[in-house]
Amino acid sequence: MERYVIGPLARMRTAVARVLARIGRRGEGPGRDFDGSASYWESRYNSGGDSGAGSYGVVAEFKAQVLNDLIAEQGLQRVIEFGCGDGNQLGMLAVKDYVGLDVSPTVIAACRQRYATDRSKSFILIEGGNIPIGLPPADLALSLDVVYHLVEDEVYAAYMSALFDHSRRFVVVFAPNENRTDLPLHMRYRRFTDWVDAGKPDWRLARTIDNPHKQFPLTLADFYVFERRPGRS
């Protein structure tokens with residue numbers, strides 16, 4: 001496995017602990033009335049919220065650099081993203097054929113309007129947690145700042161299965177890779193590489209890329225690039 005380090009790492013565990021101590025586990029948006037991942041994000045987008053700090057500014061630029069380099073390096077044509085959000089990050093990506101999925105009707109409608117004149121991009125609503133039947137696989141499946149927002153075990157497992165099942169070559173996850181629950185109600189960190197090792201033997205972790213912009217509450221995520229093992233399809 002290759003490991004790439006880009007810039008200095010900013011580990012801010014003490015700061016995180018202080019902030020969490022102040023806010024408890026209320027989180028933003030639904031607070032104590034948190035009613036699941038899908039409801040949280042639809043409520044957030046419907047009330048005018050966006051995809052979060054990780055989809056804007058220096059973190060979004062860093063993510064775009066890494067992804068565009070991978071796409072060009074490997075000649076990847078079709079990209080599918082599970083959790084496309086408001087589409088701001090997409091605007092920085094050089095993709096030839098893109099499909100974005102999300103659980104929020106509000107954000108899917110917004111993305112369709114935003115990219116209405118771009119026929120290379122399409123957006124699909126995940127209704128009731130069900131991925132549309134017959135959705136063709138892509139060269140690259142993306143999960144950017146999504147895994148740690150899937151607090152329900154069954155939702156997490158279904159999401160991870162769909163993510164890997166819909167790629168022919170690469171899966172890229174941008175998320176913290178640790179088990180942690182002392183977080184706002186809409187967040188839960190998981191060591192997702194353990195899930196891949198146990199559940200997806202046809203895949204290997206090819207490289208990791210450290211995020212030089214770690215800063216709470218911006219993001220504590222890194223890149224994990226999985227590649228399908230040769231001869232497995």
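Note that UniProt numbering numbers the sequence shown so that position 138 is 138, with each residue one more than the last.
Ideal placement from N, C-alpha and C gives every residue a C-beta, glycine not left out.
> Can you list the alpha helix (DSSP H) stretches of 4 or more residues lying completely in the UniProt domain "Methyltransferase type 12" (80 to 158), in chain order?
Replying inline: 105 to 114
>> Tell me the rounded alpha-carbon separation between Leu125 and Lys214.
In response: The sequence position of residue 125 within the sequence shown is 125, counting from 1. The sequence position of residue 214 within the sequence shown is 214, counting from 1. Their Cα atoms are separated by approximately 31 Å.
>> Using the Cβ count rule (16 or more neighbours within 10 Å means buried), how would you classify Asn179?
In response: In the sequence shown, the residue the question calls residue 179 occupies position 179. Answer is exposed; the Cβ neighbour count stays below 16.
> Taking the beta strand (DSSP E) that residue 234 falls in, what are its first and last residues?
Replying inline: This structure gives no information on residue 234, because the portion of the chain shown stretches from 1 to 233.
>> Restricting to Cα atoms, I'd like to know which of Ile209, Thr219, Arg229 is closest to Asp69.
In response: The sequence position of residue 69 within the sequence shown is 69, counting from 1. Asp69 has its Cα closest to that of Ile209, out of Ile209, Thr219, Arg229.
>> For Arg112, which residues in the same chain have their Cβ closer than 7 Å to its Cβ, ignoring the five residues on either side in sequence?
In response: Taking the sequence shown and counting its residues from 1, the one referred to as residue 112 is at position 112. Phe123, listed in sequence order.
> Where does Gln74 sit, in a helix, a strand or coil, going by DSSP?
Replying inline: Counting from one through the sequence shown, the residue named residue 74 turns up at place 74. Gln74: helix per DSSP, three-state reduction.
> Residues in its own chain within less than 7 Å of Tyr118 by CB, not counting five upstream and five downstream?
Replying inline: Sequence index remark: in the sequence shown, residue 118 carries index 118 (1-based). Sequence check: residue 118 is Asp here, not Tyr. Taken in chain order, the list of residues that qualify is empty.
>> Could you pull the DSSP bridge partners for Phe226 from this structure?
In response: The residue given as residue 226 occupies position 226 in the sequence shown. The partner list for Phe226 (beta bridge, DSSP) reads Val171, Leu205.
> Terminal residues of the continuous alpha helix (DSSP H) containing Arg219?
Replying inline: Reading the sequence shown from its first residue, position 219 is the one you call residue 219. For the record, residue 219 in the displayed sequence is Thr; it is not Arg. Looking at the DSSP string, Thr219 is not in any alpha helix (DSSP H), and its letter there is neither H nor E.
>> Buried or exposed, going by whether 16 or more other CB atoms sit within 10 Å of the CB of Lys121?
In response: Position 121 of the sequence shown, counted from the start, is the residue given in the question as residue 121. So Lys121 counts as buried.
> Is Ile23 buried or exposed, if buried means 16 or more other CB atoms sit within 10 Å of its CB?
Replying inline: For the purposes of this step, residue 23 is identified with residue 23 of the sequence shown, where counting begins at 1. Note on Ile23: pLDDT 26, under 50, position unreliable in the model; no value is reported.
> Using the C-alpha atoms, what's the distance from Val155 back to Arg26?
Replying inline: On the sequence shown, residue 26 is found 26 positions in, with the first residue counted as 1. On the sequence shown, residue 155 is found 155 positions in, with the first residue counted as 1. Only weak support is given to the placement of Arg26: the predicted model assigns it a pLDDT of 30, under 50, and the value that follows is read from those uncertain coordinates. Those two C-alpha atoms are separated by around 21 Å.
> Would DSSP call Pro211 helix, strand or coil?
Replying inline: Residue mapping note: residue 211 aligns to position 211 of the sequence shown, counting from 1. What sits at residue 211 in the sequence shown is Asn, not Pro. Correct three-state label for Asn211: coil.
>> If distances are taken between C-alpha atoms only, which option among Gly199, Phe170, Pro184, Ala116 comes closest to Ala157?
In response: One-based indexing of the sequence shown puts residue 157 at position 157. Checking every option, the nearest Cα to that of Ala157 belongs to Gly199.
> Measuring CA to CA, which of Ala175, Leu205, Val59 is closest to Asn88?
Replying inline: Taking the sequence shown and counting its residues from 1, the one referred to as residue 88 is at position 88. Ranking the options by Cα distance to Asn88, first place goes to Val59.
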